[in-house]
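Chains as they are written, first to last, in this note's numbering: chain A, 83 to 297; chain B, 978 to 987.
For each residue, glycine too, the CB sits at the ideal point set by N, CA and C.
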């Protein structure tokens with residue numbers, strides 16, 4: 083475990099906590115894409131299949147449980163909670179996320195570290211996570227007044243990916259034969275998707291104006 | 978991490 087990876091995991095944790103707090107306290111999910119949340123729940127479900135099979139560390143197990151619980155809780159809130167579900171921006175959250183699940187599954191079948199069920203699911207989850215933010219970014223372009231908590235949620239998600247890239251660079255230079263093309267390429271693609279969000283987010287923060295993403 | 982070992986990253 084290195085500082086970059088720990089900081090990355092903590093930033094990822096903060097992003098889901100920010101989102102959960104927003105939804106739980108103000109009972110609103112305005113501006114939040116249910117499709118992205120469903121994709122994330124699927125990412126964790128597919129990736130953490132070895133939760134009870136391989137014990138890596140207490141930290142690893144606890145964090146997996148936290149990410150699984152939080153992602154499914156957020157989906158539950160947005161789908162089932164009688165107040166929150168009414169604030170869901172259904173008509174603007176129209177990204178056809180089914181169209182990205184299938185290609186990621188096919189890619190997982192073709193490009194994986196070992197052709198076993200768990201490894202295919204793991205690769206699928208890596209590819210899916212890379213594009214899971216798309217529905218959320220599309221929704222932000224269509225949302226007029228983006229509220230701070232939603233913007234912070236996306237910002238922390240992007241920050242966690244940037245930190246993971248530093249983690250991989252560090253591990254590449256400190257651990258012999260630490261090579262993971264699947265995570266690296268998918269992770270770089272994922273981070274690039276946040277590029278223009280970061281640009282407009284930092285610009286709005288510097289000029290102290292409301293965040294607006296150009297459509 | 979050799980092949981087949983559990984992925985140690987989240």
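- Apart from sequence neighbours up to five positions away, the residues of its chain that approach residue 208 of chain A with a beta-carbon distance below 7 Å are 264, 265 and 268, ordered along the chain.
- Contact check between the stretch 148-166 of chain A and the stretch 238-258 of chain A: fewer than three CB pairs, one atom from each, fall below 8 Å, which does not count as touching.
- The alpha helix (DSSP H) runs lying completely inside the stretch 139-188 of chain A and spanning 4 residues or more are 140-162, given in chain order.
- In the DSSP assignment, residue 295 of chain A falls outside any alpha helix (DSSP H) and carries neither an H nor an E.
- Taking residue 156 of chain A as reference, the option from A/220, A/294 and A/103 with the minimal CA-CA separation is A/103.
- DSSP, read as helix, strand or coil, puts residue 249 of chain A in helix.
- Residue contact check for residue 162 of chain A against chain B: no CB pair falls below 8 Å.
- Not a single unbroken stretch of the beta strand (DSSP E) spanning 3 or more residues falls wholly within the stretch 86-110 of chain A.
- Residue 145 of chain A has a beta carbon lying within less than 8 Å of a beta carbon in chain B.
- If you look at residue 288 of chain A, you'll find it in the alpha helix (DSSP H) that goes 277-288.
- Residue 112 of chain A and residue 92 of chain A have their C-alpha atoms some 25 Å from each other.
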